[in-house]
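So the sequences go chain by chain: X and G.
Sequential numbering from 182 applies to the first sequence in my numbering.
Sequential numbering from 315 applies to the second sequence in my numbering.
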Amino acid sequence: DDTGNRLRFQLELEFVQCLANPNYLNFLAQRGYFKDKAFVNYLKYLLYWKEPEYARYLKYPQCLHMLELLQYEHFRKELVNAQCAKFIDEQQILHWQHYSRKRMRLQQALAEQQQQNNTSVK
Amino acid sequence: MAAAAAAAAGGGGGERSSTRQRLLAALEDLELLARELIELLAISRNQKLPQPGEESQILELLIQRDGEFQELMKLAVDQGKIHHEMQLLEKVVEKRDNDIQQLQKQLKEAEHILATAVYQAKEKLKSIEKARKGAISSEEIIKYAHRISASNAVCAPLTWVPGDPRRPYPTDLEMRSGLLGQMNNPSTNGVNGHLPGDALAAGRLPDVLAPQYPWQSSDMSMNMLPPNHSNDFMLEPPGHNKENEDDVEVMSTDSSSSSSDSD
């Protein structure tokens with residue numbers, strides 16, 4: 182039974198993180214999974230991944246945000262539209278790039294400053 | 315004579331009248347008696363007295379009334395002194411009353427301030443308790459932060475350009491390569507748009523070839539069990555036993571390094 186539990190843990194870990202993929206959500210919505218009461222209950226059950234002792238295993242913690250949104254029927258209904266999924270995808274990618282861009286800006290600013298120092302020293 | 319009788323009756327009246335009234339009555343009697351005496355003397359000057367003893371009678375009454383009057387005056391003086399004392403005492407009482415009211419105000423203020431202080435202290439204690447409950451070692455947090463950042467799960471790779479198949483979520487390819495994907499027959503769906511062919515062409519397959527799939531936990535050496543649930547999700551789960559602490563055993567904190575990409 183222990184191996185069964187371990188397997189279940191891994192499966193649920195994988196599945197909950199797949200929820201971060203908006204295209205996958207669109208896929209599920211179009212196939213009517215979100216209309217299944219049992220599935221909706223399963224999504225509610227998966228909320229346990231929010232607890233710190235479980236969340237530490239998530240590589241994509243943003244899936245928790247999607248999981249929270251999925252608790253709302255309105256969100257589940259909207260995900261049938263491809264444009265909705267596309268919008269979420271774009272926003273996610275933009276947000277994903279946020280820190281890289283910030284770092285590049287900081288590096289640029291630092292480089293400019295150093296250049297200024299060099300020219301002033303000369 | 316009738317007037318003298320009336321004066322006698324008025325003076326000896328048993329009613330409880332105020333000192334002032336009695337004084338005024340006595341004065342009136344004296345006035346009355348004096349007038350009669352003078353009238354009598356005026357008459358007796360002209361003619362003989364019809365009743366020889368009348369003047370002495372009036373005189374006696376006069377003296378009596380005067381005596382009463384003097385006593386009443388003494389009484390009035392005493393009463394005046396007492397009244398004065400009463401006024402002084404009343405003033406003292408008033409002052410004490412004010413003092414008490416002042417103290418009452420201050421007491422109420424102090425109580426209010428203390429109540430506020432106690433309330434705020436309790437709130438502070440609550441937040442301290444809350445913070446203590448969620449305490450995590452900084453080392454763990456740093457390790458976790460490294461894990462999710464270095465693998466580009468939450469932060470895009472610095473060389474990312476549109477066209478790069480990497481995403482901030484498990485891609486179609488990765489999903490199919492995982493445990494879930496292996497369990498079921500891979501169905502034909504390219505909804506993610508990232509078919510294996512594209513990825514191969516792009517020459518970037520960082521995660522797929524790694525023995526550890528990116529979203530799987532690499533530190534599965536401990537028994538980390540998902541909460542108990544009935545396999546029938548048609549029924550509303552009766553308050554998920556997420557707090558199934560008996561199942562969760564102590565985990566080792568030294569997790570192995572994350573599956574970082576080489577890019």
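The beta carbon of each residue, even a glycine, is placed where N, CA and C say it ideally should be.
Local conformation of G:ASP343 per DSSP, three classes: Three-state DSSP puts G:ASP343 in a helix.
Assumed close pair X:CYS199, G:PRO484 - CB separation to whole angstroms, cut-off 8 angstroms: Contact between X:CYS199 and G:PRO484 holds: their C-beta atoms lie close to 5 angstroms from each other, under 8 angstroms.
Member of X:GLU234, X:TYR223, X:VAL221, X:THR184 whose CA lies at the smallest distance from the CA of G:LYS447: Closest option to G:LYS447, Cα to Cα, is X:GLU234.
Beta-bridge pairing of G:PRO476 - partner residues as DSSP gives them: Answer by DSSP bridge pairing, in chain order: G:ASP478.
Neighbour flag for G:ALA459 against chain X, beta carbons, 7 angstroms: Cβ-Cβ to chain X under 7 angstroms: no for G:ALA459.
Where X:LEU227 falls, given that 16 or more other Cβ within 10 Å makes a residue buried: Taking all protein chains in view, the Cβ of X:LEU227 is crowded by 16 or more other Cβ atoms within 10 Å, so the residue is classified as buried.
Start and end residues, alpha helix (DSSP H) containing G:ARG490: Its alpha helix (DSSP H) spans residues 486-491.
Close Cβ partners of G:ASN506 (< 7 angstroms) along its chain, the five nearest in sequence each way excluded: For G:ASN506, the pLDDT reaches just 46, beneath the cut-off of 50, and the residue's location in the model is therefore unreliable, leaving the point undetermined.
Chain G contact for X:LYS267 (CB, 7 angstroms cutoff): Judged by the 7 angstroms Cβ criterion, X:LYS267 is not in contact with chain G.
Residue-level contact to chain G via CB, X:TYR280, 7 angstroms cutoff: True, the Cβ-Cβ gap to chain G drops below 7 angstroms.
Exposure label - X:TYR205; buried when at least 16 CB within 10 Å: The Cβ neighbour count for X:TYR205, taken over all protein chains shown within 10 Å, is at least 16; the residue is labelled buried.
Residues near X:PHE268 by beta carbon distance below 7 angstroms, same chain, minus five either side: So the list is empty, once near-sequence residues are dropped.
Interface flag, G:MET536 vs chain X, CB-CB below 7 angstroms: With a pLDDT of only 45 at G:MET536, under the threshold of 50, the placement of this residue in the model should not be trusted; the figure read from the coordinates follows. The C-beta of G:MET536 comes no closer than 7 angstroms to any C-beta of chain X.
Candidates X:LEU192, X:VAL302, X:ASN186, of which the one nearest X:LEU239 by Cα: Closest by alpha carbon: X:LEU192.
Buried or exposed (CB count within 10 angstroms, at least 16 for buried), G:ALA445: With fewer than 16 other Cβ atoms within 10 Å, it is exposed.
CA-to-CA distance, G:ILE442 to G:ILE450, given in whole angstroms: A direct Cα-Cα distance of roughly 14 angstroms separates G:ILE450 from G:ILE442.
DSSP three-state assignment for G:GLN365, whether helix, strand or coil: Three-state result, G:GLN365: coil.
Contact with chain G by X:ALA210, beta-carbon distance below 7 angstroms: No Cβ of chain G is located within less than 7 angstroms of the beta carbon of X:ALA210.
Test: G:ALA515 CB closer than 7 angstroms to a CB of chain X: Confidence at G:ALA515 is low in this model, with a pLDDT of 38, below 50, so its placement is unreliable and the value that follows should be read with caution. With 7 angstroms as the cut-off, G:ALA515 does not count as an interface residue toward chain X.
CB contact flag (G:LEU376, G:LEU338, <7 angstroms): No. Outside cutoff.
Assigned secondary structure, X:GLU195 (DSSP; H/G/I helix, E/B strand, else coil): Here X:GLU195 carries a helix assignment [DSSP, helix/strand/coil].
Classification of G:PRO476 by the beta-carbon crowding that lies within 10 angstroms, buried from 16 upward: By the 10 Å Cβ count, G:PRO476 comes out exposed.
Top-ranked residue by Cα proximity to G:LEU344, from G:PHE383, G:LYS362, G:GLN371: Among G:PHE383, G:LYS362, G:GLN371, the Cα nearest to that of G:LEU344 belongs to G:PHE383.
Cα-Cα separation, G:GLN496 to G:GLU454: Using only the alpha carbons, I get a separation of about 32 angstroms.
Contact with chain G by X:ALA306, beta-carbon distance below 7 angstroms: No answer is possible for residue 306 of chain X: it lies beyond the span of chain X, which begins at 182 and ends at 303.
Neighbour flag for X:GLN191 against chain G, beta carbons, 7 angstroms: Chain G contact via Cβ: present.
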